[in-house]
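One structure is given here, and the rest of the page talks about it.
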Amino acid sequence: MQKSLADCVRELNEAKQGAAWSGIHRGIEREALRIKADGTLATSDHPESLGKTLTHPTITTDYSENLLEFITPVASGIKATLAQLRDIHRVTYHAIGDELLWPLSMPCYLGSDKDIRIAKYGDSHSGRMKSLYRQGLTHRYGATMQVISGVHFNFSVSEAMWSQLAEQNQCEDDAAFRSAKYFDLIRNFKRVAWVIPYLFGASPAFCQSFFRQTGTEQKDTDWNFQRLGKGTAYLPYATSLRMSDLGYTNKEQASLGITYNSLHEYVAGLRKAITTPSQQFAKIGVKVDGKYNQLNANILQIENEFYSPVRPKRTAQKGETPSQALERGGVEYIEIRALDVNPFSGIGITEQQIQFLDTLLMYCLLTDSPTMSWDEQQQYDKNFTKVVMEGRNPSLELWQNGQQRLMADWLEELFADFTLIAKSLDQYADNRGGYQQAIAELYQCVLNPELTLSGQIMSTLKENDWDFSQLGMDLAHRYRDEFTRSELELYQDKDFADWKEKSEQAFAERKEQDNVVDFDHFLRDYFTAAAKSGAP
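Numbering follows our numbering, with no gaps: position 234 of the sequence shown is 223.
The structure is reproduced here in structure tokens:
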């Protein structure tokens, strides 16, 4: 019989002085657009002083040459992770000169898609493949969709937690058990993922130029967007338009029915996606007149194209695809991809948010998690979309177990469970103190939706009579001043100099290793290997 959450928490507290709660490991990936002083996209190359984006461990680019991605090394201390991210920002601000970092998820004023230059990774075959993949995204979804920014949160629990959970479940603590429990976590996350855009959605408004550049004028009419200032569109109750159909989605993925009931199911669905031809994408062509338009014409070019607010992950070895790494070693950590950039933080995320995410993911891990049919999964995905579009509506109802219920009532129930977990984290975790306070502070957002990040943004825009761009520019200048005037906290200049040098060495080695065959042969070998199972 499945234990209640309270019983599970109590047993974890009593075993080995609560050691299971310690040792949470985290990593953060934050995306940020480089912009000019006038608020338009920067058209310069990635700064050479920051090293090679193909091989740098902490500072790279995402889709475009002006879309930076900052990656913190895995750490077990929240304060250490935040210090890492601040130091990465400090070094970057000094490297980009007069440019700024856009502090919001939805992009700044968009003049032309020509200003969105696909990220360059050099002329090694693997570097060319990364750029070509992005070329394919451009043809499939448009360039503007790809410069929407977000924050990814990577999470894993301690060895002590796994030992205790295996004992509670009377199972052997092996890769299969851990993978199964992580998939339990993922299914529960799918059930309550809407909590994240409710609390932390920070894109209720955006620049109207986004409609023009993405060709989504019809949605402007269908959704009845309202106007603010000279160029801002918004929806009255929206929380995270970044996560709506305005953002980066692949409607063909829905037909694949990728589910999360087991590692085997998930990998099979993902592998089907990268090997199933798409009639729509075939119209683009793969290699036309000797020039590649995309890697292939399948529903997904590669696994990274699969859009999901949560992913099971394992660090891949050389030559492995993500799914092959999962088959080899099981799930190592969970990646949460539903976070908007928090504009009220210079690094896009706060300690309070991390404490909440720890609590939420522990809740998802420790709560009973029945298997989920595809129909059920679609219902919970619809909940997520409803909260994205109208999450601050106090009368909003969501689907749960076949019935509609008030979102506010569900939040009350969840926060009671979150408080139970936060108490144990405060008592036993490495980062003791602050969890219960974080939950209590965020509970005020349950009582008043206008205290959420999206509510605060709309209040700021309306009270100051600002356009979306004015808010972004005000914050961008403030953060540049803060970071350029402060000293490194955790790292030294030598650390970044070493990373730069090593990235350049690895970059040169990559070309030597890759380019022993021609590019066509390289791609053919990659996709032949990718279609195979990675299970031993």
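Where is the CB? At the ideal position from N, CA and C, for every residue including glycine.
Since Ile60 is in the beta strand (DSSP E), which residue starts that stretch and which ends it? Leu56 to Ile60
- Task: Jot down the residue ranges of each uninterrupted alpha helix (DSSP H) in the stretch 460 to 512, minimum 4 residues, whole runs only, in chain order.
- Result: 482 to 503
Handout entry: Cβ shell of Gln153 (< 7 angstroms), same chain only, five flanking positions each side left out
Key = Leu1, Ala4 and Ala9
Verify whether the separation of the beta carbon atoms of Gly28 and Met462 is less than 8 angstroms.
yes
Report task. Can you grab the Cα-Cα spacing for the pair Val277 / Leu284, in whole Å? Result -> 12 angstroms
ask   = Sorted by chain position, which residues of the same chain lie with C-beta nearer than 7 angstroms to Arg117's C-beta, five sequence neighbours on each side aside?
value = Phe508
Practice problem: Please go through the same chain and pick out, in chain order, the residues whose beta-carbon is closer than 6 angstroms to the beta-carbon of Ala427, but skip the five residues on each side of it. | Solution: Gln341, Gln344 and Phe345
Three CB pairs or more closer than 8 angstroms across the stretch 294 to 313 and the stretch 166 to 186:
yes
Query raised in the report: Whose C-alpha, out of Lys371, Thr81, Tyr110 and Lys412, is nearest the C-alpha of Glu54?
Result: Tyr110
Closest by CA to Thr81, which one among Gln445, Asp163, Arg469 and Gln494? Arg469
TODO: Using three-state DSSP, classify Ala397 as helix, strand or coil.
DONE: helix
When Thr127, Gly12 and Arg180 are compared against Phe373, the one with the closest alpha-carbon:
Arg180
Quiz prompt | Three-state secondary structure (DSSP) of Tyr110 | solution = coil
Per DSSP, the bridge partner or partners of Ser53 = Ile107
Exercise. Considering only C-alpha positions, which residue in the set Ala465, Met134 and Asn158 is nearest to Lys(-8)?
Worked result: Asn158
According to DSSP, residues forming a beta bridge with Tyr223
Ala194 and Gln215
| Expressed to the nearest angstrom, what Euclidean distance is found between the alpha-carbon atoms of Ile24 and Gln459? | 14 angstroms
Local conformation of Asn420 per DSSP, three classes: coil
Handout entry: Touching by the beta-carbon criterion (3+ pairs, under 8 angstroms), the stretch 306 to 324 and the stretch 435 to 450
Key = no
* Gly16 in three-state terms, based on DSSP -> strand
Grab me the residues of Thr356's own chain with a C-beta within less than 7 angstroms of its C-beta, minus the 5 sequence neighbours each way, in chain order. Leu(-6) and Asn177
| said: Quick check: Gly218 and Trp455, are their CB atoms within less than 8 angstroms of each other? | reply: yes
Can you tell me which residues form a DSSP beta bridge with Leu30?
Ile24
(request) Closer than 6 angstroms by C-beta to Lys489: which residues in its own chain qualify, once you throw out the five before and the five after it? Chain order, please. (result) Gly40
| task | Could you tell me which residues DSSP pairs with Val320 in its beta bridges? | result | In the DSSP output, where bridge partners are listed per residue, Val320 has none listed.
What are the boundary residues of the alpha helix (DSSP H) that His83 is part of? Ile67 to Ala84
> Going by DSSP, what residues sit across from Arg300 in a beta bridge?
Replying inline: Glu324
Point to revise | For Met134, the nearest candidate out of Lys491, Glu321 and Ser198 (CA to CA) | key: Ser198
When burial is assigned at 16 or more other CB atoms within 10 Å of the CB, is Thr360 buried or exposed?
-> exposed
*Beta-carbon proximity list for Met447, same chain, < 6 angstroms, skipping 5 on both sides*: Pro193
(Q) What would DSSP say about Trp91, mapped onto helix, strand or coil? (A) coil
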